[in-house]
Structures are given as C-alpha cells and as structure tokens.
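Visitor: Residue numbers (the numbering used here), protein chains in the order written: chain A, 1 to 457; chain B, 458 to 686.
Here you go:
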C-alpha cells in the first residue's frame, strides 16, 4: 500500500526540483511531444478509430462490470492449460506468493521484464529480503535499477534520462567507459543482461492482458525481453492486475490495435507474445511452471462504483504524454509507481484518498488526458470527482472548507457579493501576504481590482 | 425591437476586467442586439466546483439561476464560465439549462461582420481548455480575429494549458507559472496573445508582468471591439 501513497507537499517539492533541472525539462518536453505526435499519426492512419475506441471501452467494461466471473473464467482456463492462478488480495499476499515460488524453485536470481504491478506491490524489495536478486531486463527499468530509482513513466520508465546518463550507469557496471551512442549502449546492456536471462531460475513478467477464453497471458514489448524472461527460466511468474482481463481473443485484438498505437505510435509493438500454459509434453522450450498472480489490492472495491471506468486503463501512457502538468513535473512527483493523469486518479483510489491527497489536485483539469485516452476513460472528470470526495470525506483541510463556505455564503446574494468585494478592495494591499494570494504573488503579479466594478460603471 | 441578449459579466470580468465586459457589450450591440445586464448576477460557482466544494458551488451557482431568464440567450466573454453555466451548473443545482453562449461562438453563429480593426496585426490565439475541449469552440474566435484583419500566428503547442486551472494556480504555483512561461514564449513573434477567458488572461498577464516577458496578453473582446493597440 505504501508504494502508492504520496504525502501532501511532496508533489510540489519534487516538481520544484524537476523544474529547476534544465536537462529533465528538455527530455520531458521532447519525449512527450514525440510520443504524442506518434500516437496522433497512428490514430490518423487507423480507419474508424473512434468506433474502435468505443469498442475497446465496451470490451473492457464488460469485464469490469462482471469482474469476479471473469477472474474465475480466466483462472479455470489457465488451470486447464496447466498454469497456476493465485488471487492475491493485497500487495503482501502477492509478494509472499512470488517469494514462495522462488524459494521452492531454489532461485537466487530472478529475471524480470517490465511490470508496473510489481512496482505497485514493492516486489523487488520483497525478493531481495528473501535472498533473491531481481534483475530488471527492460532497458529503461534496468537503467533505473542501476541508478536506484523508480520508473517515472509507465511506458518509458527512464524518459528523463539522457544517453549520457545511461552511458555513465552502464559504464560503472562494465568498469570502463561506454560511449553514449545508441549502438554502444545497446551492446553493453545486452552483454550485461544476457547473463541474467541465461542463469535466472525464475522469470517474472507483468501482463498486458489476460484472455479469459484461453487462459493466455499477453505480453507486449519492443525489446523481446519478456519473451526471454517467460521462456528461458524454469519457472515463469506473471503478475497481473485483476482488471487486466479481456473476455476473448477478439477483444484482445481490439485492445492491441489501440495499445501500441497509443503508446508509441506503432501498429503493434515489436514483440507481442501470448503465453498459454507452461511447456507441454513434447515441446522443446518454455517454462516447466507457469504461475499467474492476479492482484486485487483495492481494485475490486472500485467495481460498480463511480470510479469503475478507471479499471479500463490499458496502461498505454497516452495521458501522460499529453498532460501539461506531467510535462513539467515528470513522474516522480506523483509517487514511485503510477504517474500523470492515470496515476493521479489511480493511486488515491488504490491507496486511499488520505494517503495521496495532493494528487487529485495535481492537474489543471484541462481535459487533454480524456481526449487522448484510447479506451475513453473520463480522466479529468474522475479527478474532479475525487476532489469532491476529498471535501466530503473531510480530507481537505478545515481552513479550506471554512474559506469556501464563507465565500459561498457571501456570494449567495448580490448584496453579499457587493459588500465582500468592496472589503476585498480595501484589503487588496495585504492580499499578497497570506494564503492563496501569497502563492499567486510568488510568481505572478496580483491582478489589480478595477477601480469600479463593471456593474457600477 | 432588436433581439435581446443577457450579458453575464462573470466575477473576474466584473471585478478585474470590466473593460473586456464593456467591449463584449459593444460587440453585441454592433451585431444588432439589445444588451441587458441582469443586475442580480454574481458568479457561476466555478471556482468552488472545480476545487471539489460542491455545496459552496451550489450556493453560488443558484445566483445564476435566479439572475438570468430563459427567454433570451446568455452571452459571456469567458470560455470557462460558459462551460460551467452550460455544462455543469444545471446538474449541480438541479435546474433547466439556460441558453448559454461564449461570446465568440455567439458572434460567429450570428455571422457578425466584425470591422477590420486589426489590419496588419499579428495575433496569437490561446485556446482556453474548457472552451476548446468541453464546448469545442476553436475555429470561431480565430475566424473573428481573421475577419478583423489580423494575421494569426500559430502557437507551437496550442493544445497545452496555460497553467491557470483555478485553484491549481495556487496549489502548484511553480508548475503553473512554468506552464505560463512556455505559453508566453510561444507567442514571442506575435503582437499580442489573445484569449477568450479572463482566468487565462489574469494568469498569463500576471506572469508576463512578473517575469518581464514582452508578450502583451489581451482579451478577445477587446481586440475585436477596439483593435489591438
């Protein structure tokens, strides 16, 4: 749970650091703009994109509106193929299960492909405490692991790092200088990761989708690392959010058409893998065991409620790339796991509003996220709803509630409006000294109140 | 008798930018309308609504329902207040919707022949977010500016919010100001940055003045009614 929390004040604190870092600002600006452009181009080339978004939304909501049944269907299909489903109610249960699998396998090294859910449950820490060394094999995640940092973008985890940063980190492992060109960097990373692929006893992946009718786990990568992680080690553990299910392969196709296009602008990512059960008799490769950890961690509480549409998210990152706030702050401000608009909605929902009270307000409500969402989640409306919940549930400060109440009482009648705004004019010289006026005045001139109101002209 | 419109000044218009409201009135009269200012109007409740304070918002929003009649269109020189009044307010207070128009959308729909007051001017137009995405008004203000003789200077990222966002501007003042800086920098080539929203105007102008940016930020109603000078 703690992985998703974000104490009040932390967003602003990290945002300030990022704003002051010119390299980060440049990286965020160019990368998010590039990803956005690629998505828009890919959508423009896709006939009937609006209808497809609608279909994807419906396919996802069919699952979410009947989540228990779909989890059961997926689980039995998986069992029929020889896989082992495990429904984890909490992060702790999920970690304990994976650690237990590693222990029974006698694993000391686990190769991991990118998984935000594993970040959500703090899996790497749990593995390390149990004497299992996790090695991230997604290039971006690997770089962050070397740097001791968390992902700052759900699709491009190291989006704030420059080639020079990467060269330095890889060079430290090599014990020699690595040139900062793409080929040298890739070569060094490949050399370093190859060992993990070959020697790991357990491979841990996320899951982009689980398919109920076949019990398949769908993995989407551009580096092919998930394919190695899920096929070379003796045991494969996929960690999947409970809501990442689609009913049928046909529904999967609809979602896949949108996923890569919305993430990177590709029609499909380089590798799209369907893992359907462990190795069967007579097959030359694949793991002996396949475990799928189906993580609840607060998700089932959202079913049937006002926020259920958030569960439709396919983690494409499109909302991050268009968000004018994310573009300035980067991901860390939102917390160590989910970021941007989807994170600002999801983290408080999973962790509890009181654990992440600043996130619903970490948005100008411009609505660009909602327009960009391939599965049509009304992200900015959900943020607004969360703000109302902050007030209703008493998480918003007493001062804020008092100020709004007094203001609204004064402005509930034209007479009160006149009196209060005349007083405000008198108090104008002090406005920059306290509260919101001070926050405004730190970076902007306070607007001069006109000598006469329009109504008095 | 010319047809009547009701002018909604909005709180920011009334208190901070009365000139822009005067200009909106001038344009509406120029377009052939009788302009009425319902004196009981206060505010649409948007500041509280967007901050999640629904009860407070409802209390203030009711003033709108009491002040305005449903017999004539309500026109306002504010994209976000038009959005609030048209989209969210009816559900918030449980009332029948009014016929609410943002000024430029109204003038454009009336095929208002704006006089060429901005001939030779190079103007950049900033889309306010709610006006752009909730009301989908983006072509109308640009058309009016072009009809007024201005050459439109495109902004590098017209999709980006300027960073105002109501209470966002004081909860995250540094991010908010940085967003304004990007918007202002994008308008460096223009004679002025024009917006149809008093919130964006207050924020962008306040930031330009503080940061020493040479960009002049003006309300759409003002450049259309008087020409940019």
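For every residue, glycine included, the Cβ atom is placed at its ideal position computed from N, Cα and C.
Predicted model only: the values in this text are computed from it and were never measured.
Which residue spans inside the region 469–505 of chain B form an unbroken beta strand (DSSP E) run of at least 3?
Guide: Runs found: 491–493.
Visitor: Closer than 8 Å between beta carbons: that is the criterion. Which residues of the region 366–377 of chain A meet it against chain B?
Guide: Taking 8 Å as the Cβ-Cβ cut-off against chain B, the residues of the region 366–377 of chain A that qualify are 366, 367, 368, 370, 371.
Visitor: Where residue 570(B) and residue 596(B) are concerned, what is the direct C-alpha to C-alpha distance, given to the nearest angstrom?
Guide: Locating residue 570(B) in the second chain gives position 113, where the first residue counts as 1. Locating residue 596(B) in the second chain gives position 139, where the first residue counts as 1. Answer to the nearest angstrom: the Cα atoms are 16 Å apart.
Visitor: At the level of alpha carbons, what is the spacing between residue 195(A) and residue 8(A)?
Guide: For the purposes of this step, residue 195(A) is identified with residue 195 of the first chain, where counting begins at 1. For the purposes of this step, residue 8(A) is identified with residue 8 of the first chain, where counting begins at 1. Rounded to whole angstroms, residue 195(A) to residue 8(A) spans 42 Å at the Cα level.
Visitor: With a threshold of 16 other CB atoms inside 10 Å of the CB of residue 419(A), please say whether the residue is buried or exposed.
Guide: Stepping through the first chain from its first residue, residue 419(A) is reached at position 419. Answer is exposed; the Cβ neighbour count stays below 16.
Visitor: How about the region 324–331 of chain A and the region 10–25 of chain A: do they share at least three Cβ pairs that are nearer than 8 Å?
Guide: Short answer: they touch.
Visitor: Quick one: is residue 640(B) buried, meaning 16 or more other Cβ sit within 10 Å of its Cβ, or exposed?
Guide: Numbered from 1 along the second chain, position 183 holds the residue referred to as residue 640(B). The residue is buried, with at least 16 neighbouring Cβ atoms inside 10 Å.
Visitor: Listing by chain order, which chain A residues have their CB less than 7 Å from the CB of residue 517(B)?
Guide: Sequence index remark: in the second chain, residue 517(B) carries index 60 (1-based). By Cβ distance, chain A contributes 408, 411, 412.
Visitor: So which residues on chain A does residue 472(B) lean against when the C-beta distance must stay under 7 Å?
Guide: Within the second chain, numbered from 1, the residue matching residue 472(B) stands at position 15. Within chain A, the residues near residue 472(B) are 421, 449, 450, 453.
Visitor: Quick one: what's got a C-beta closer than 7 Å to residue 522(B)'s C-beta in the same chain, skipping five residues either side?
Guide: Within the second chain, numbered from 1, the residue matching residue 522(B) stands at position 65. If we look at residue 522(B) and ignore the five residues flanking it on each side, its Cβ neighbours are 550, 552.
Visitor: Can you name, in chain order, every residue of its own chain whose Cβ lies under 7 Å from the Cβ of residue 252(A), other than the five neighbours on each side?
Guide: Stepping through the first chain from its first residue, residue 252(A) is reached at position 252. Within the same chain, residue 252(A) has close Cβ partners 209, 211, 218, 246.
Visitor: Looking at chain A, is there any beta carbon in it that lies within less than 8 Å of the beta carbon of residue 626(B)?
Guide: Here residue 626(B) is taken as the residue at index 169 of the second chain, counted from 1. At least one chain A Cβ lies under 8 Å of residue 626(B).
Visitor: What does the alpha-carbon distance come out to for the pair residue 486(B) and residue 582(B)?
Guide: The residue you call residue 486(B) lines up with position 29 of the second chain. The residue you call residue 582(B) lines up with position 125 of the second chain. Roughly 24 Å separates the two Cα atoms.
Visitor: Which residue marks the beginning of the beta strand (DSSP E) containing residue 558(B), and which one marks its end?
Guide: Position 101 of the second chain, counting from 1, holds the residue named residue 558(B). That run of the beta strand (DSSP E) goes 557–559.
Visitor: Would you identify the three-state DSSP class for residue 419(A), choosing helix, strand or coil?
Guide: Start at 1 with the first residue of the first chain, and residue 419(A) comes out as number 419. Three-state result, residue 419(A): helix.
Visitor: With distances taken from CA atoms, which of 355(A), 423(A), 371(A) is nearest residue 341(A)?
Guide: Taking the first chain and counting its residues from 1, the one referred to as residue 341(A) is at position 341. If we check each option's Cα against that of residue 341(A), 371(A) comes out closest.
Visitor: Using only alpha-carbon positions, find the residue among 258(A), 236(A), 280(A) that is nearest to residue 46(A).
Guide: Along the first chain, one-based indexing puts residue 46(A) at 46. Considering only alpha carbons, the answer is 258(A).
Visitor: Closest by CA to residue 332(A), which one among 152(A), 288(A), 406(A), 241(A)?
Guide: Taking the first chain and counting its residues from 1, one reaches residue 332(A) at position 332. The residue with the shortest Cα to Cα distance from residue 332(A) is 152(A).
Visitor: Mind pulling the chain A residues with CB within less than 7 Å of residue 617(B)?
Guide: Residue mapping note: residue 617(B) aligns to position 160 of the second chain, counting from 1. Simply 324.
Visitor: Give me the Cβ distance between residue 107(A) and residue 201(A), rounded to the nearest whole Å; I'm assuming they're in contact under 8 Å.
Guide: Within the first chain, numbered from 1, the residue matching residue 107(A) stands at position 107. Within the first chain, numbered from 1, the residue matching residue 201(A) stands at position 201. Going by Cβ atoms, the distance from residue 107(A) to residue 201(A) rounds to 4 Å, so yes, they are a contact pair.
Visitor: Suppose you measure from the CA of residue 646(B) to the CA of residue 401(A); what does that come to, to the nearest Å?
Guide: Here residue 646(B) corresponds to residue number 189 of the second chain, with the count starting at 1. Here residue 401(A) corresponds to residue number 401 of the first chain, with the count starting at 1. Cα to Cα, the separation comes out at about 43 Å.
Visitor: Figure out for me which residue from 396(A), 362(A), 158(A) has the closest Cα to the Cα of residue 632(B).
Guide: For the purposes of this step, residue 632(B) is taken as the residue at position 175 of the second chain. Out of 396(A), 362(A), 158(A), 362(A) has the C-alpha closest to the C-alpha of residue 632(B).
Visitor: In chain A, which residues lie less than 9 Å from residue 621(B) when you measure between Cβ atoms?
Guide: Here residue 621(B) refers to the residue found at position 164 of the second chain. Under the 9 Å cutoff, chain A gives 364.
Visitor: Using Cβ-Cβ distances below 7 Å, what residues of the region 651–682 of chain B are close to chain A?
Guide: So the close ones are 659, 660, 663, 664, 666, 667.
Visitor: Three-state secondary structure (DSSP) at residue 468(A)?
Guide: What is shown of chain A runs 1 to 457, which leaves residue 468(A) out entirely.
Visitor: May I ask which residues mark the beginning and end of the beta strand (DSSP E) holding residue 209(A)?
Guide: The sequence position of residue 209(A) within the first chain is 209, counting from 1. It spans 209–211 - the beta strand (DSSP E) in which residue 209(A) sits, taken as one unbroken run.
Visitor: Closer than 7 Å by C-beta to residue 1(A): which residues in its own chain qualify, once you throw out the five before and the five after it? Chain order, please.
Guide: Start at 1 with the first residue of the first chain, and residue 1(A) comes out as number 1. In this prediction, residue 1(A) has a pLDDT of 44, which is less than 50 and means its spatial position is unreliable; what the coordinates show is noted afterwards. Cβ neighbours of residue 1(A) beyond the five flanking positions: 91, 351.
Visitor: Please list the segments of the beta strand (DSSP E) lying wholly inside the region 281–342 of chain A, counting only runs of 3 or more residues, in order along the chain.
Guide: For the region 281–342 of chain A, whole beta strand (DSSP E) runs of length 3 or above, ordered along the chain, are 289–295.
Visitor: With residue 280(A) and residue 83(A) assumed to form a contact (beta carbons below 8 Å), what rounded beta-carbon distance in angstroms separates them?
Guide: In the first chain, the residue the question calls residue 280(A) occupies position 280. In the first chain, the residue the question calls residue 83(A) occupies position 83. No, residue 280(A) and residue 83(A) are not in contact; Cβ-Cβ is about 11 Å, not under 8 Å.
Visitor: In the DSSP assignment, the alpha helix (DSSP H) including residue 680(B) goes from what residue to what residue?
Guide: Position 223 of the second chain holds residue 680(B). Note, residue 680(B): alpha helix (DSSP H), 677–683.
Visitor: Can you list the residues of chain B that residue 445(A) reaches, using a CB-CB cut of under 9 Å?
Guide: Against the first chain, residue 445(A) aligns to sequence position 445. The answer, in chain order, is 662, 663, 664, 665, 666, 667.
Visitor: Quick check: what's the CA-CA separation for residue 515(B) versus residue 502(B)?
Guide: The residue given as residue 515(B) occupies position 58 in the second chain. The residue given as residue 502(B) occupies position 45 in the second chain. Near 7 Å, if we compare the C-alpha coordinates of residue 502(B) and residue 515(B).
Visitor: How would you call residue 588(B), buried or exposed, if buried means at least 16 neighbouring beta carbons within 10 angstroms?
Guide: To locate residue 588(B), count along the second chain from 1; it is residue 131. It is buried - the Cβ of residue 588(B) has at least 16 other Cβ atoms within 10 Å.
Visitor: Give me the Cα-Cα distance between residue 306(A) and residue 415(A), rounded to the nearest whole angstrom.
Guide: Counting from 1 along the first chain, the entry for residue 306(A) is found at position 306. Counting from 1 along the first chain, the entry for residue 415(A) is found at position 415. When rounded, the distance between both Cα atoms is 38 Å.
Visitor: Starting from the N-terminal side, write out each stretch of the beta strand (DSSP E) that is 3 residues or longer and does not extend beyond the region 79–124 of chain A.
Guide: Listed in chain order, they are 84–88, 109–112.
Visitor: Count the other CB atoms, across all protein chains shown, that sit within 10 Å of the CB of residue 458(A); report buried if there are 16 or more and exposed otherwise.
Guide: One cannot answer for residue 458(A) here, as it falls past the ends of chain A, which runs 1 to 457.
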